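To keep things clear, I will list the structure first and then write my remarks on it.
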Amino acid sequence: MIIELSGKKIMNNTIAMKRFEIVIGIEQLEQLTELLDRCGVRGYTILKNVGGLGSRGVRDPDDVLMEEENVMVVLACKDDQAQRVVNELRPALKGFGGMCLISDCLWLEGPAISY
Amino acid sequence: MIIELSGKKIMNNTIAMKRFEIVIGIEQLEQLTELLDRCGVRGYTILKNVGGLGSRGVRDPDDVLMEEENVMVVLACKDDQAQRVVNELRPALKGFGGMCLISDCLWLEGPAISY
Amino acid sequence: MIIELSGKKIMNNTIAMKRFEIVIGIEQLEQLTELLDRCGVRGYTILKNVGGLGSRGVRDPDDVLMEEENVMVVLACKDDQAQRVVNELRPALKGFGGMCLISDCLWLEGPAISY
Amino acid sequence: MATIQPVVLFFVFGVLAGVIKSDLKIPEALYKSLSLFLLIAIGFKGGVSMSKYEIMEVLPIASAMVVLAALIPLTAYPILRFIGKFTQADAGAISAHYGSVSAVTFAVGVAFLAAKDEYSEGYMVLIMALMEIPALVTGTILARAGASGEKTQWGKLMHEILTGTSLYLLIAGVIIGYYAGMTNNVAPLDKMFMDLFMGVLAFFLLEMGLLAASRLKAVMAKGVFIITFGILFPITAGLFGAYLGWIFGLSEGGTMLLAVLYASCSYIAAPAAMRIAVPDADPAVSIGASLGVTFPFNIFLGVPIYWEMAHWFHTIPV
Amino acid sequence: MATIQPVVLFFVFGVLAGVIKSDLKIPEALYKSLSLFLLIAIGFKGGVSMSKYEIMEVLPIASAMVVLAALIPLTAYPILRFIGKFTQADAGAISAHYGSVSAVTFAVGVAFLAAKDEYSEGYMVLIMALMEIPALVTGTILARAGASGEKTQWGKLMHEILTGTSLYLLIAGVIIGYYAGMTNNVAPLDKMFMDLFMGVLAFFLLEMGLLAASRLKAVMAKGVFIITFGILFPITAGLFGAYLGWIFGLSEGGTMLLAVLYASCSYIAAPAAMRIAVPDADPAVSIGASLGVTFPFNIFLGVPIYWEMAHWFHTIPV
Amino acid sequence: MATIQPVVLFFVFGVLAGVIKSDLKIPEALYKSLSLFLLIAIGFKGGVSMSKYEIMEVLPIASAMVVLAALIPLTAYPILRFIGKFTQADAGAISAHYGSVSAVTFAVGVAFLAAKDEYSEGYMVLIMALMEIPALVTGTILARAGASGEKTQWGKLMHEILTGTSLYLLIAGVIIGYYAGMTNNVAPLDKMFMDLFMGVLAFFLLEMGLLAASRLKAVMAKGVFIITFGILFPITAGLFGAYLGWIFGLSEGGTMLLAVLYASCSYIAAPAAMRIAVPDADPAVSIGASLGVTFPFNIFLGVPIYWEMAHWFHTIPV
Ligand SMILES: Nc1ncnc2c1ncn2[C@@H]1O[C@H](COP(=O)(O)O)[C@@H](O)[C@H]1O
Ligand SMILES: Nc1ncnc2c1ncn2[C@@H]1O[C@H](COP(=O)(O)O)[C@@H](O)[C@H]1O
Ligand SMILES: Nc1ncnc2c1ncn2[C@@H]1O[C@H](COP(=O)(O)O)[C@@H](O)[C@H]1O
Ligand code: NA
Ligand code: NA
Ligand code: NA
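Chains as they are written, first to last, in this note's numbering: chain A, 5 to 119; chain B, 5 to 119; chain C, 5 to 119; chain D, 229 to 546; chain E, 229 to 546; chain F, 229 to 546.
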């Protein structure tokens, strides 16, 4: 069960995909989901109440006076879709701050297709 | 410090492993943890209050009337274990919905073994 | 858009990096962030209210009597930085418990540099 | 025409905040805490006043009123299915919502009577708690009868209905209130469950307003039918309730509360039950109609109208 | 035999909800808010009534009662270690729990006295707050004496005990209540901290019931010994407390409250302290015994029994 | 000198808990719920008492007091910029904070008057609600005038100011209270919004103490200037407010409250607005000064001082 990074099926019942992991301020979440909709993305997962350190310093969602909160969006999609997301996301992220990591992964077939 | 995907030790003090990232509705969490127990999994991490978009549409844990909540389960295990998880999980996910991503990772040795 | 794991730019506008995913008890979070600061890390993301199973058994942040809570820290940095983090983290994790996974990823250029 | 109570203005400001996109937000934990409070308090109040009758005397009448509530979804279903053109699942699920009740609408009715110093029967609370059962069961049957697909999870559904938070806390409140009333120990608990009732209702209505505003779009999308149905159906059901109350010899206040129960519809217990029983129904539609149309109609216009109905029946010479 | 207070029925309904797997849930933020409230309110009430004595007069008696509380874990330990066959760590940790106190059990005792219109000394609250210290320290020594492994983190433990939420808020409440009493400024705060006390206790007991139900399995696993211990030990400790209260010349109400303090055991402060001091003890066992057995026993049967004990001692001619 | 009210001791215990690193924590949901409560309750109370005048009569005076509040940031800015050596952005943002108001400080002032049984004009609440507008707008202009960089988002800022939770709930409370007063329906709501006011304030001040303690380091880092400014500026602004109140013919209580409004500074609404309007300002500095210095000064010493000021002006023969 070795994962080969060649973009084709490499493990039984799995599909090679790209995984995006995006962290931005919650105030930009709506813009981000609209952007993803525009790219035709059909599935993503949102984690709220996220904190962290970055170029803008510490952001702590538990600090009731500062009202800063990050969200993490995890998203799996096929390669062509991924390219579209990269193209749209890069300029937007300049305004947003935050970060976007991309990696390879396998999607385990089974549930309804939402990518 | 290049990660080779050959399944043996490739970086000092690390062990090559598979990383699972599963997102399902919270109503199925108990079934999932029982399934993982059955597979002999000895460690996983659970993130609750997760939202997202998928084949069943938007799921927003902050919507007090809809009572929809996803959970994310992250799980690192060795290759043989991983194969067992895949075999058990695939049929179950058909009922659950959601998604499961699999990727390669290295486990940094140090803490007590829980995989 | 194939990700090659050679540590140099492999996709347009991306930088190859290491991704750390650390899960520890919240009582050790301060020590961990201090350790990361000492390593010169300039960005990380913190997810609180995390539960899980490990060598110390089940930890459930929703159990009001047990007061157990894990945190997940996700961290992207360059290879040299990564080596420093590994060196510092390994001994510390022995005391902490928990886990640390390391994998390859690409950083999408765009936002201010925080790695 | 009766004046509007100050407490319902909180609903207005909730809706307005949603419409002008104020950053006003009610923490989820507060919303949930307030609904626990309201359910216990409504039950407790009813239980205390029930401790003043012989329970056995009222049981047959109460049971009749509960069972007859099954007529509500039976009436709603054909309208929704054949005039509203909803799918069987949706028509059944919406019927279940309208057959079921809204504890907050009931609370507004109680507050209305309190402001008028009008008596009502304490066991109306018990009727409210139990009315859910026939309504949800009937709605589910309507939604699923003859339908293909997975089998209805009756076991799971009945567990959800019978142990769901609403029914459970209402009944717990009734029993504790009854016991407190019987043993003359109401005193230290009333400062919480009676004195603060209206204030808690105020907060809750503020949140209901915010929630209703967030559903407006879904309602508008369904257009004229759902709005018409959401107003005319409760009036009809309320008239039927008022008629029954009068027939069964309730007081004017009790008659009005029975009208309110028949007219009101659920947006908490029913959605939870329908998620299990009729997973293919779209909750956005039923919650939108219930919370976006019928709930506001009931608390502003419905309650005074049902009062007039109750009054009118009681002027009929017997 | 004294009647059961309505407020403790909330505990019953909490347990029942757990047993029948109702979806009833108390939001964590509500649970935490209620415990803040109870601690401050208990302290405040005690402080107000303390403002009516000379503090210096009661200090020596109070200190004696606090110090003697160290006898409780010293008695519990050998029973747990040699009859119960617990490990040293577990036996020590459980001893610390039983030497420590439960503010909610105390509150139920206070409510019991209030329903009877019985006087009790306000400084019992202070004793409650301070009793934790000898109990937790003694329990830790028992658990760790001669044990190998990491050294006990005494500094961290004492910090946890002395600045922990329970002790801190009780003392803050006492001081503020005392000040309010002295300056005749109780009036605007009593609407919150006194009038709502019973209602808040009701909610809290509901949650305690849910929590107790979730621990039942852990208790059952430990079988007969833990149940026997969880009932007989508090009776014995309560008898000792009642005896001391009588010896020290407390009122009947105060005597009963001292019995309650000696008999009750902790499930919040003690677990927090033991996590630090005795990390190798299994919290499931001590919390299970404390919350699953002793707490319900105390609020239903213990409190009336301790009242009878206090009464009995006070009939002894001196 | 007037005695310190018991309720402000809760602030002291909050600060102390922070300083000794107690694990005391107020759940975020509770903090947010309490602030919703306070805003509505303050508004409601003011609205009820406003229902006793002709609104039109007071409108011109009230408007004048609101508009003149713009002078506060205009005075603060040059001090901060040229003596304090703050950047333009920071000086402007801090000015906006000091021009804006703190509802909790106002509440402490109201409690102070209540303890003295002193009358004050109900419409002071309206002034408080509206004073934010000129203060935040002026502060933003000062921070941005001539500055390069992105354009000020005036649309977004005005939306934030006008629909922000503070202003919105105060106004909603005023209107509902006014309506309740006019229709003689205050009764069932006052148990919540009036009777519990002081108890809720107590909890809130406990949390404010914790928050202030968490800001102490940031304040200390800025040293002597910020502490001096944080004390002397509100005294001056308060004196100006007291003078205006007297000129405009307010009662002694009203004069004191106007002084409190002019002297108090914001740590909730202003930071939210400045995040949007002046993103390059460092919120740690302005919140630190506001919450770490001026807020405690005002509730302990400021309020009695402003009372003396009001009293003194009113002894001037006209
Ligand atoms: N392509 C995807 N990427 C990330 N998360 C997904 C994806 N598809 C589904 N999910 C997550 O899985 C949940 C359930 O999916 P579904 O059962 O398809 O509605 C969604 O609410 C998302 O949180
Ligand atoms: N194999 C694993 N996969 C994912 N998470 C793990 C794994 N092992 C441990 N963890 C996480 O680390 C936490 C602490 O682990 P431990 O110190 O071994 O009890 C657990 O509660 C889990 O959240
Ligand atoms: N190198 C990194 N690794 C992980 N998370 C990061 C990193 N850099 C930034 N972030 C996350 O992105 C958020 C916003 O970053 P920034 O806009 O640079 O302040 C931070 O608060 C972190 O949560
Ligand atoms: Na109905
Ligand atoms: Na004890
Ligand atoms: Na001001």
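All C-beta atoms in this analysis are idealised placements derived from N, C-alpha and C, irrespective of residue type, glycine included.
All figures in this text were calculated on a predicted structure; none of them were measured in a lab.
- Taken from the Cβ of B/N74, at least one heavy atom of ligand 1 lies inside 7 Å.
- Secondary structure at D/Y406: helix, using DSSP grouped into helix, strand and coil.
- D/I311 has its alpha-carbon roughly 30 Å from the corresponding atom of D/V243.
- For D/E256, the closest Cβ of chain B is nearer than 8 Å.
- Taking a 10 Å sphere around the C-beta of D/R443, we find 16 or more other C-beta atoms and assign the residue as buried.
- The region 88-99 of chain B makes contact with the region 110-117 of chain A; the number of CB pairs closer than 8 Å reaches 3 or more.
- If the five residues before and after D/F525 are omitted, its C-beta is found closer than 6 Å to the C-beta atoms of I459, all from its own chain and listed in chain order.
- Minimum Cα-Cα distance from F/G275 among the listed residues F/D345, F/V286, F/Y305, F/L354 corresponds to F/L354.
- The beta carbon of E/T333 is closer than 7 Å to those of V488, S492, F523, N526, I527 in its chain, skipping five residues each way along the sequence.
- Only residues of its own chain outside the window of five on either side were considered, and among them L341, E346, Y347, S348 have a CB closer than 6 Å to the CB of E/G481, listed in chain order.
- Distance check between B/D41 and each of B/R88, B/G55, B/N53, B/G29 places B/R88 closest, using alpha-carbon atoms only.
- In this structure, E/I270 lies near E/A335, with their beta-carbon atoms less than 8 Å apart.
- By the rule that beta-carbons nearer than 8 Å mark a contact, C/E34 does not touch chain E.
- For E/D318, the enclosing alpha helix (DSSP H) has its first and last residue at 316-327.
- A direct Cα-to-Cα measurement between D/M420 and C/G58 gives close to 44 Å.
- Under DSSP, C/S107 forms a beta bridge with C/R23.
- Listed along chain D, no residue sits closer than 9 Å to E/F272 by beta-carbon distance, the nearest being about 16 Å off.
- Here D/A415 has no same chain residue with a Cβ atom under 8 Å from its own Cβ, once five neighbours each way along the sequence are excluded.
- Closer than 8 Å to the CB of B/G114 there is not a single CB belonging to chain A.
- In the three-state scheme derived from DSSP, where H, G and I count as helix and E and B as strand, B/V62 is classed as strand.
- Fully enclosed alpha helix (DSSP H) runs of no fewer than 4 residues occupy 256-278 of the region 251-282 of chain F, in order along the chain.
- In this structure F/Y396 does not touch D/A430 by the C-beta definition: roughly 15 Å separates them, more than the 8 Å allowed.
- For C/L112, the three-state secondary structure derived from DSSP is strand.
- Looking at the DSSP output, C/T49 sits in a beta bridge with A/G56, C/V78.
- Note on D/S376: under 16 other CB atoms within 10 angstroms of its CB, so exposed under the neighbour-count rule.
- F/M426 sits buried, since 16 or more C-beta atoms from the chains shown fall within 10 Å of its C-beta.
- The continuous alpha helix (DSSP H) containing E/P499 extends over residues 497-505.
- Put simply, of F/A501, F/L485, F/P234 the residue whose alpha carbon is nearest the alpha carbon of F/A538 is F/L485.
- Going by C-alpha positions, F/G401 is about 8 Å away from F/K273.
- Under a criterion of Cβ atoms nearer than 7 Å, the residues of chain A adjacent to B/I106 are, in order, T18, C109, L110, L112.
- CA-CA distance, B/M103 to B/I26, rounds to 6 Å.
- Relative to A/C81, the option among A/M21, A/D67, A/P65 whose CA is nearest is A/M21.
- As the crow flies, the alpha-carbon of F/S277 is around 54 Å from that of B/Q32.
- The three-state secondary structure of F/T411, taken from DSSP, is coil.
- The beta carbon of F/A517 is closer than 6 Å to those of I454, G458 in its chain, skipping five residues each way along the sequence.
- For F/V294, the closest C-alpha among the options F/M352, F/K253, F/S323, F/W382 is that of F/M352.
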